[in-house]
Amino acid sequence: VIGVECSTLAAQELFDEYIGTGNYTIENRSTTCSIYSAYDNRLVVIVCDIFADELTPSLIGGHVSFVWDRAALTALHPANHLRYIEKLRQLSEVHSQYLISVYWHPEPPDQGPPFSISTECISKLFPHDQVLQLDDIDAKNERWADTAFEQLRECCYCIET
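Printed below as a string of structure tokens:
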């Protein structure tokens, strides 16, 4: 399993909590890129900017065939959505699958994060791919109770390229 995370703190907390302090290694590749690994490199998290030039297939061990995006796209400003999808395509095999979870709310598209992403937006980001909506649930729960969003939905899509 190879993950990409932009927050050093998030990676550190993940490994400390689930792997255990001292039971993993950290390789600092550059001032902006670190690699956390455990279980003989069967679990690897690369901490860097998703748009960094150094984030290449060779850094992650080759092109990937499956991508799970748990709210990364919806955390990005809409101006960066296409750029993000292009980066995923650079890292993926020609025929691959993406499992993408996003949030939708009726507020203006540039109000967020989470930024609202509709089914129409997903279709525009993947115009030549097969898009299947897997789920659409009410996400207005305790985590989001104090936000200004009156309505919040979490939608999950499977995209086959």
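Residue 3 is where the sequence shown starts when you use the working numbering, and the numbers rise one by one after that. Don't be surprised by glycine CBs; every beta carbon is placed ideally from N, CA and C.
In this structure residue 71 is in contact with residue 100, their Cβ atoms being roughly 7 Å apart against a cut-off of 8 Å. The shortest C-alpha to C-alpha distance from residue 23 to any of 31, 13, 73 and 119 is the one to 13. Just measuring C-alpha positions, the residue of 120, 102 and 26 sitting nearest residue 74 is 102. A distance below 7 Å separates the beta carbons of residue 5 and residue 47.
Counting of Cβ neighbours within 10 angstroms places residue 134 among the exposed residues, the total staying below 16. Per the coordinates, the alpha-carbon of residue 127 lies some 11 Å from the alpha-carbon of residue 120.
Annotated as proximal: residue 131 and residue 161, with beta-carbon spacing under 7 Å. The three-state secondary structure of residue 51, taken from DSSP, is coil. Within the DSSP secondary-structure output, residue 40 pairs in a beta bridge with 45. Beta-bridge partners assigned by DSSP to residue 101: 70 and 160. Taking the CA atoms as reference points, residue 19 sits about 17 Å from residue 49. Cβ-Cβ distances below 6 Å link residue 77 to 115 in the same chain, with the five nearest sequence neighbours on each side left out; the list follows chain order.
Going by DSSP, residue 135 is part of the beta strand (DSSP E) stretching over 132-140. Beta-bridge pairing by DSSP links residue 76 to no other residue. Per the C-alpha coordinates, the member of 39, 97 and 41 positioned closest to residue 66 is 97.
If you draw a 10 Å sphere on the C-beta of residue 139, you find fewer than 16 other C-beta atoms in it, and that means exposed. Nearest to residue 108 by C-alpha distance, out of 34, 27, 156 and 25, is 156.
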